[in-house]
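Data block below; observations after.
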């Protein structure tokens, strides 16, 4: 639905492409050149010319030459079929070698008098048609031209100094010369025209693609401007109202509006960052061991109050057999569900939204689990379902007559699931709700029922000592308050030097939240000292920087256990801290 009830496409085209797709999507220039297609066309053209030449030779009584050309035609056809079945890789060089070999052989039989060497000219013209200089530069074309020039020299030498094997009459020579000249010159002209046509087509497509990219970015910025300015306007407006309001009840309502607007902004920003990571192939899946049943019980919790406020029932249906420990990237799976829940909330005015998880199949080492999010919302028209997973589509809600979202939610879900070797499926009918579903194969950590007990199942950090290293006082206040609400014991310091001093006095901390950019001593220097002296304490980077996969890899290599980006959701902070507390307990 984030990309479902659409009114217009904001221009994904070839610029915004799925991760790890075929050459057409990975390399638009290569696709526009249509080099593989042209190679087949060259092979077929050579085959047709050869067939014509074979019949012509037979017609004028040159049966040996006719048989030789027929063998060439058969070989060309076989190599085209082999390439079609992916049995060989490089068809262009095979075709060129075959043609050059055929011309040399024909010269050995007929001599230079029949002008067979003229066929080297259309071959030279064909080289830039079947070589993509944008991809290989000049190396490949240099090899082809070298083969052709070498064959041309061999042909001239063979025709001049070797007696030809077949005796030709003057009439036969005259007819062959006329035929070869006409076909060679015509082929050269046709290949030259084809090359001009293909290059013009390529240039037009390149210009159109550039225009689509510019249009896409322009529309994307306009859409994002609207999507971010709208909640920002709400935040500014509500803050001004809060200054003038003295009623506690009214203040609570304004605070709920502030929370909704800020959450909406955070979701849009996270979607953009994740989309860029996926586009750059810098987003990876990092499975961790966890209890699948508990994950499914907790995944909808952040949306409970939002659904209650709208009067929509939020259901969770967990099938038997899911109380097991599996390997899964919980953060990315939760992100998929968050997008699906968020979409369902936008387009469901009454009824319910149901999360369902069932065991589809199971073996000794892994389970295949089916997940779905079903809603009773406005549904998706059949004609719109083909394109709902395209990025940057705006969403039309017929009930409110408004546009919603950037159209990134479902696109990101599809791409994340693709990284997990799955795909997102849709079952929907306009006016009758929608069901988004997918299957995941999850490896068991242990093949037995494993319920997480007492303290692990509690949604708090009771007894957990946290050292919070943050130079911004507002960020310090917010993070400290969130952690205290989760019953954590928090000590706060403002830079890396103070963190080391605090650890020297008391190193009995369960986890350290360490900002990266700080005065006196930043997080990059502090992590080195901390891990050198206190390697047993998990340190989590706590930063507002844009963290891509490369940066995360560097942080982990530096000694950080993980990373939390600001702004953060409280449940994300809870989830990551609990994960490393569990690991520390397991090691002990």
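In this note's numbering, the protein residues as written are 2 to 589. Yeah, the Cβ is synthetic: ideal placement off N, Cα and C, and Gly gets one too. This structure is a prediction, so every number in the text was calculated from the model and none was measured.
Note on geometry: alpha-carbon atoms of residue 330 and residue 572 lie some 16 Å from one another.
With a contact defined as Cβ atoms closer than 8 Å, residue 77 and residue 99 qualify at about 6 Å. When rounded, the separation of the alpha-carbon atoms in residue 516 and residue 542 is 6 Å. Within 10 angstroms of the beta-carbon of residue 539 lie 16 or more other beta-carbons, which makes it buried. The beta carbon of residue 526 is closer than 8 Å to those of 497 in its chain, skipping five residues each way along the sequence. Distances from the alpha-carbon of residue 382 to those of 432, 58, 315 and 436 put 432 closest. Looking at the backbone, the Cα of residue 534 and that of residue 345 are separated by about 49 Å. For residue 440, the CB contacts under 8 Å within the same chain, skipping 5 residues up- and downstream, are 361, 369, 370, 371, 372 and 423 in chain order. Straight through space, the alpha carbons of residue 446 and residue 464 are spaced by roughly 28 Å. When secondary structure is reduced to three states using DSSP, residue 239 falls in the helix class. For residue 493, the CB contacts under 6 Å within the same chain, skipping 5 residues up- and downstream, are 469, 477 and 481 in chain order. Three or more beta-carbon pairs drawn from the stretch 164 to 180 and the stretch 105 to 119 are found closer than 8 Å, and the two stretches are therefore classed as touching. From the listed residues 81, 74, 375 and 412, the smallest Cα separation to residue 40 is found for 81. By the criterion of at least three beta-carbon pairs nearer than 8 Å, the stretch 121 to 131 is in contact with the stretch 147 to 165.
For secondary structure counted as the beta strand (DSSP E) over 3 or more consecutive residues, the stretch 316 to 386 holds these complete runs in sequence order: 325 to 329, 353 to 363 and 367 to 376.
Straight-line measurement puts the Cα of residue 260 at about 17 Å from the Cα of residue 340.
A residue is called buried when at least 16 other Cβ atoms come within 10 angstroms of its Cβ; residue 521 does not meet this threshold and is exposed. Straight-line spacing of the CA atoms in residue 343 and residue 575 works out to 21 Å.
Counting only residues of its own chain and dropping the five nearest sequence neighbours on each side, residue 532 has a CB closer than 6 Å to the CB of 560. If you check the CB distance, residue 380 and residue 351 do not come in under 8 Å.
In this structure, 444 is the residue among 530, 193 and 444 with its C-alpha nearest to the C-alpha of residue 366.
Under the three-state reduction of DSSP output, residue 487 falls in the coil class, being neither helix nor strand. The shortest CA-to-CA distance from residue 66 to any of 159, 79, 173 and 143 is the one to 173. When C-alpha distances from residue 323 are compared across 338, 358 and 354, the shortest belongs to 358. Annotated three-state conformation of residue 304 is helix, per DSSP. With a cutoff of 8 Å on beta-carbon distance, residue 271 and residue 326 are scored as not near each other.
Inter-residue distance for residue 72 and residue 437 is about 57 Å (C-alpha atoms, whole angstroms). Comparing C-alpha distances from residue 48 to each of 70, 530, 57 and 328 shows the shortest one belongs to 70.
Taking C-beta separations shorter than 6 Å and ignoring five residues to either side along the sequence, the partners of residue 303 in its chain run 572, following chain order. Assignment of residue 264 by DSSP, reduced to helix, strand and coil, places it in the helix class.
Per DSSP, residue 427 lies in no alpha helix (DSSP H); the unbroken beta strand (DSSP E) holding it starts and ends at 426 to 429.
Approximately 6 Å separates the beta-carbon atoms of residue 467 and residue 512; this is inside 8 Å, confirming the contact. Between the alpha carbons of residue 206 and residue 216 lies a gap of roughly 15 Å. For residue 538, there is no enclosing beta strand (DSSP E), as DSSP gives it neither H nor E. For residue 521, there is no enclosing beta strand (DSSP E), since its DSSP letter is neither H nor E. The beta carbon of residue 267 sits closer than 6 Å to the beta carbons of 568 from its chain, once the five residues preceding and following it are set aside; these are given in chain order.
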